[in-house]
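Sequence positions in the sequence shown follow this note's numbering and run 2 to 565.
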Amino acid sequence: MNVRPRLIEEIATPMTTPPLLEQPAWIALAAHRDNMKSRHLRELFDEDPTRGLRYHRRAVGLYFDFSKNLITDETLSLFAQLVRDLKVEQRRDAMFAGEHINVSEDRAVLHVALRMPKDRTLDVDGVDVVAQVHHVLERMTTFANQVRGGQWRGHTGKPIKNVVNVGIGGSDLGPVMAYEALRHFSMRDLTFRFVSNVDATDFVEAVRDLDAEETLFIISSKTFGTLETLTNATSARHWLVEHLGDDTAVAQHFVAVSTNAEKVAAFGIDVANMFEFWDWVGGRYSMESAIGLSTMIAIGPENFYEMLAGFHAMDEHFKSAPFEENLPMLLGLLAVWNHDFLGFPTVGVMPYEQYLHRLPAYLQQLTMESNGKHVTRSGERVAYETGPIYWGEPGTNGQHSFYQLIHQGTTTVPVDFIGFANSLNPLDDHHDILMSNIFAQAQALAFGKTEEELRSEGADERTVPHRLMEGNRPSNVILATELSPRLLGSLIALYEHSVFVQGVIWDIDSFDQWGVELGKQLAVTIIPELTSDAPTKLAHDSSTNALITYYRSLKENGRGDGDF
Ligand code: F6P
C-alpha cells in the first residue's frame, strides 16, 4: 500500500462537521441520558433476565462483560450512530494506513506496524515500515539471545547477569509493566531493574547490590534528550567506570534504544549498539518496539513474538469487527458515556492479578497523556469533557483501602475489573478466593443493598443509613483464561484502541503531549538557580522566589533562615 501523507489542513479539517455538540447522535444521547439517570441497574437486570448474557462480547481471548453499565439497546444504537457520523472507522483506517493523524506534530501514528507479521508491507512516505520493524526485531533477537545465553560478555569477560533499563514515561512504564506482568515467563537467573526518577535514590537503590562487571544498562529514550534519563544515564556511566576503572568498558555495558542516533553517539554509545525505532511510534505506544528490549531479554524472543501476535490479533479485531462486536469501540464509547453524559470523572482499573500490578500506572500515561487535551485537532477549545482520570491498584488490596469510597462515596467511579480463570501460581484455594472478589465487587457496586434488605437482615435501625449501599455504580469485567505474553499484548492493544476511539469522538489529537513541555522548560531555568553558589537574582513570581530562596538556605545552612 502506498500512502501519500495528507496535509495537516486536510486532516485537521474536521470530519466532525457539525461539531460534536451538534451531532444528532450526541444530542440524542444527552436526551437519552436524562431518561437513564432515573434508572437503576437493579431494574434493568430485573426487566431483562438475559442482560448479563446479551451485554457481553468475546474476542481475541477476552470475555468482556459490560452489562453492569447504565445502558440499554438504545444507548448502544446511539453509540453506533455516533461512531458512524463521526467516521470513527475511517479515522481508524487512516491510522492503519500511516496517514499523518498526529496533526500537531504532523506525524503518522503507526504502533500497529510494530506488530504486523513479517510478510506484510506498509509503505509510508516511500518506506516499507514493516521491513524496518522486522529488521530491528531480528537485531534485538540476536542481542537478547546473546545476553540470555551468556555470550554477550562484560568488559572483564563475565556474562551479563543484571539488566538495568534507564528511561522515563513511555521508555520506562511499558518495560517495567511488561517485565512485571510477564515475570512468570522470565529468565530467573537474570536480574532486572528499572530506573526512571531523576531522584538519585532511584538509581542508587537500583544498583547498590549489583556487580558492575555483570551489569548491562539499556538507555531507553525516544529523543535521547530527556533530562531525567540523561542524568541517570550519566550517573550509570560514572558508576560503571568507577567500578571497572576503564572508560572503554562502556562499550560492553551500555546499549541504547532511540530514534536519535546522533545524540546516542554524542553520549558515547556506539551506534552499532543502538536499537532503533521511529518518530511514528509514540512514547506511550512503544513497549513492543525496541523499547521492549528489556522485555525480550527477560522473556525470550519467542515469548516476545507471542506478545506481538497478541497485539496484532486485537489490531485485526479492531480493524474488522463491526461496531456491535468491537471490543475497543465498545470500551471507548462506554468511557465517553460514563464521563461526558453521566459525569463520572475517573475510571478505576483494578487487575485481580498480582503480575499486573504496574498496569494502572502504565494505563495512566497511555490514557491521560493521550486524551488529557483541551482543544480540538483544529485548535478550538472543546466545550465538553475529554480524558477521564485513570487510576487503580491490584485487587484485593484496593478493597481494603479505597473501595469504601467506590461503594459509598459521593463520587461514582466506573471500574474495569480484570481477572483470569487460572492462576500462574496455583496454590490451595487462593485463586477462587481472589476471583470471587471480582464477581462480588462488581455485584455489590451494581446492586448495592437496600434499606429493606438491611432491615430484613435485622440491622440496627441507627446503622441503616450507614450500611445502605445505593448501588447503580457501573463496572466492566474483562476475563481471560490466563495471563500470557499473547494475552498481555491483546489487553494492551484493547486499551490503546479504546483511547484512540475516545480521542476521535472528542476530536482531539491523542498522539501529542504539549502539556508536559512548560514544566520541563521552567525546570531548566530553575536548575542553575538551585545549583549556583553565587547569589542569584530571582525573577519569578513571589511564591517561586520564596520557595527557591528557602530551599537554598536550607541546603546551605541546614536550617530555614533564608532572607526573604
Ligand atoms: O515528558 C513526556 C514524554 O515526552 C513522554 O511522552 C515520553 O514517553 C517520555 O517523556 C520519555 O521521552 P523519551 O523516550 O524521549 O526520553
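From the three backbone atoms N, C-alpha and C, an ideal C-beta is built for every residue, glycine too. For clarity, every value in this text was computed on a predicted model and none was experimentally measured.
- For W153, DSSP records no beta bridge to any residue.
- Residues L79, Q82, L83, D86 of the same chain have their beta carbon placed closer than 7 angstroms to that of A26, with the five preceding and five following residues left out of the count.
- In the three-state reduction of the DSSP assignment, S499 falls in the helix class, which pools H, G and I.
- In the DSSP assignment, Y64 falls within the beta strand (DSSP E) that extends over 63-66.
- Considering only T157, L174, W279, the residue with the shortest C-alpha distance to G246 is T157.
- Between the stretch 287-307 and the stretch 32-48, the count of C-beta pairs closer than 8 angstroms stays below three; the two stretches do not touch.
- For V502 and R463, the gap between their C-alpha atoms comes out near 47 angstroms.
- For W279, the number of other beta carbons within 10 angstroms of its own is at least 16, and it is reported as buried.
- Taking the Cα of P352 as reference, the smallest distance to any Cα among N339, V128, E394 is reached at E394.
- The C-alpha of F403 is placed about 22 angstroms away from the C-alpha of H431.
- The three-state secondary structure of K450, taken from DSSP, is strand.
- By the criterion of at least three beta-carbon pairs nearer than 8 angstroms, the stretch 309-322 is in contact with the stretch 57-66.
- K264 has its Cβ no nearer than 7 angstroms to any heavy atom of the ligand F6P.
- In terms of Cα proximity to D212, the closest of H244, L495, Q405 is H244.
- Around the beta-carbon of T51, fewer than 16 other beta-carbon atoms lie within 10 Å, marking it exposed.
- Note: G420 is bridge-paired with L480 in the DSSP secondary-structure output.
- DSSP, read as helix, strand or coil, puts V258 in strand.
- With fewer than 16 neighbouring CB atoms inside 10 Å of its own CB, V128 falls in the exposed class.
- In the three-state DSSP reduction, A540 falls in the coil class, being neither helix nor strand.
- Non-local beta-carbon contacts of G284 in its own chain, meaning distances under 7 angstroms to residues more than five positions away in sequence, involve G170, G171, S172, K223 in chain order.
- With a beta-carbon spacing of about 17 angstroms, F268 and L294 fall beyond the 8 angstroms limit used to define contacts.
- Excluding five sequence positions before and after M96, the CB atoms of its chain that fall closer than 6 angstroms to its own CB belong to I102, V110, given in chain order.
- Contact annotation: I479 and F312 have beta-carbon atoms that are not nearer than 8 angstroms.
- Looking only at S437, N473, Q400, N304, the smallest Cα-Cα distance to L343 is reached by N473.
- Taking the C-beta atoms as reference points, L30 is found no nearer than 8 angstroms to A384.
- In the three-state reduction of the DSSP assignment, E386 falls in the coil class.
- The beta carbon of I169 sits closer than 7 angstroms to at least one heavy atom of the ligand F6P.
- Around the C-beta of L328, 16 or more other C-beta atoms lie within 10 Å, and the residue is accordingly described as buried.
- In the structure shown, N426 adopts coil according to DSSP, grouped into three states.
- A443 counts as buried, since at least 16 other C-beta atoms from the protein chains shown sit within 10 angstroms of its C-beta.
- Annotation: the continuous alpha helix (DSSP H) that includes V465 extends over 465-468.
- When the five nearest sequence neighbours on each side are left out, the beta carbons in the same chain lying within less than 6 angstroms of the beta carbon of D417 are those of V350, N477, in order along the chain.
- Residue pairing for T347: DSSP places it in a beta bridge opposite I390.
- In the structure shown, F324 falls within a helical segment according to DSSP collapsed to helix, strand and coil.
- In this model, E215 and K162 are separated by some 5 angstroms (Cα to Cα).
- A422 is classed as exposed because its beta carbon has fewer than 16 other beta carbons within 10 Å across all chains shown.
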